[in-house]
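*Asks:* Pasting a structure here, questions to come.
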């Protein structure tokens, strides 16, 4: 039986803080918005818990300041154990931004615990993307060429200063990203219109892209959507550009929702 009425002293460690139902919200949920919090669900009668405890404590200590470890006695906090569906212990759950992002059950060897914790920390590429400068983005793309959040901003920098072939090469390596495909479509469209000017759309397109480049997304989308019905021969390229912009906006903005409806109406 998982939850026994055991009155032996609760284990404490300098590397893990004991939490209760009263402190779980602040110590785990709120704290996980700052850094990953690993919760070790255990009980005093559980031999595998005593086996895992020192292993995970040492591993977290080696990453001091990057990951926080807390321990929750399932016997003393049965409501939380039920809420998080603890069916066997030791159970380890990692929280980030208020939710469980990784977990395992049972005593694990040190190497497995190390891998689990490393998976919670930002990779070198994550840190480079967060830095956001050209040198960092170039290195991130070297490490992970198919990573859209590195390739797209780098390609934008290159395209803005006229290095369109290099920008096109970079975004062409990114699969399954509407943002990357939209930027690719924009570069291809600009190259195509430079070779084959189309008076019917070139002026409006220039205005739309200028608005986009200065951050006036609403005006850019308005111009692009207005052009779409009469853009014979260029409709698919414009559609891809618009979809890429909408992908970067996300689904929560009313502007994006309205634009998606107008895009569907113009195409179908």
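Residue numbers (the numbering used here): 178 to 445. Ideal Cβ positions, reconstructed from N, Cα and C, are used throughout, including at glycine.
Give me the residue from 333, 294, 289 and 292 with the minimum Cα distance to residue 309.
*Replies:* It is 333 whose Cα lies nearest to the Cα of residue 309.
*Asks:* Alpha helix (DSSP H) containing residue 448: first to last residue?
*Replies:* With the chain running from 178 to 445 in the structure shown, residue 448 is simply not present.
*Asks:* For the beta strand (DSSP E) that contains residue 204, what are its first and last residues?
*Replies:* Taken as a continuous stretch (DSSP letters only), residue 204 belongs to no beta strand (DSSP E), as it is neither H nor E.
*Asks:* Count the other CB atoms, across all protein chains shown, that sit within 10 Å of the CB of residue 441; report buried if there are 16 or more and exposed otherwise.
*Replies:* Exposed: under 16 other Cβ atoms inside 10 Å.
*Asks:* In angstroms with no decimal places, state the Cα-to-Cα distance between residue 395 and residue 432.
*Replies:* Their backbone Cα atoms lie some 7 Å apart in a straight line.
*Asks:* Taking the C-alpha atoms as reference points, what is the distance between residue 438 and residue 286?
*Replies:* One C-alpha to the other measures close to 53 Å.
*Asks:* Is it buried or exposed, residue 203, if we count other Cβ atoms within 10 angstroms and call 16 or more buried?
*Replies:* When all chains shown are included, residue 203 counts as exposed.
*Asks:* Are there 16 or more other CB atoms within 10 angstroms of the CB of residue 197, so buried, or fewer, so exposed?
*Replies:* Classification of residue 197: exposed, given that the 10 Å Cβ count is below 16.
*Asks:* Starting from the C-beta of residue 352, find all residues in its chain whose C-beta is less than 8 Å away, skip the five residues before and the five after it, and write them out in chain order.
*Replies:* Cβ neighbours of residue 352 beyond the five flanking positions: 323.
*Asks:* Between which two residues does the alpha helix (DSSP H) carrying residue 444 extend?
*Replies:* Element bounds for residue 444: 431-444.
*Asks:* From what residue to what residue does the beta strand (DSSP E) around residue 280 run?
*Replies:* Looking at the DSSP string, the run of the beta strand (DSSP E) that includes residue 280 is 276-282.
*Asks:* For residue 288, which three-state DSSP category applies?
*Replies:* In the structure shown, residue 288 sits in a helix (DSSP, three-state: H, G or I).
*Asks:* Could you compute how far the alpha carbon of residue 302 sits from the alpha carbon of residue 330?
*Replies:* Taking the straight line joining both Cα atoms gives about 14 Å.
*Asks:* Quick one: what does DSSP say residue 192 is sitting in, helix, strand or coil?
*Replies:* Because residue 192 sits at a pLDDT of 49, beneath the cut-off of 50, its placement in the model cannot be relied upon, and the following sentence gives the value as read from the coordinates. Looking at residue 192 - three-state DSSP - the assignment turns out to be coil, as it is neither helix nor strand.
*Asks:* Between 443, 206 and 295, which lies nearest to residue 240 when the distance is taken from Cα to Cα?
*Replies:* Considering only alpha carbons, the answer is 295.
*Asks:* Among 229, 389 and 363, whose alpha-carbon lies nearest the alpha-carbon of residue 411?
*Replies:* Checked all of 229, 389 and 363; the closest Cα to residue 411 is 363.
*Asks:* Work out the CA separation of residue 388 and residue 397 for me, nearest whole Å.
*Replies:* Residue 397 and residue 388: Cα-Cα distance of roughly 5 Å.
*Asks:* Answer with buried or exposed for residue 290, where buried requires no fewer than 16 other C-beta atoms within 10 angstroms of its C-beta.
*Replies:* Buried, by the Cβ-count rule.
*Asks:* Put residue 186 into one of helix, strand or coil per three-state DSSP.
*Replies:* Confidence at residue 186 is low in this model, with a pLDDT of 36, below 50, so the placement of that residue should be treated as unreliable; the coordinate-derived value is given next. DSSP places residue 186 in coil when its eight states are reduced to three.
*Asks:* Considering only their Cβ atoms, is the gap separating residue 327 from residue 317 smaller than 8 Å?
*Replies:* Yes; because the gap between Cβ atoms is below 8 Å, this pair is in contact.
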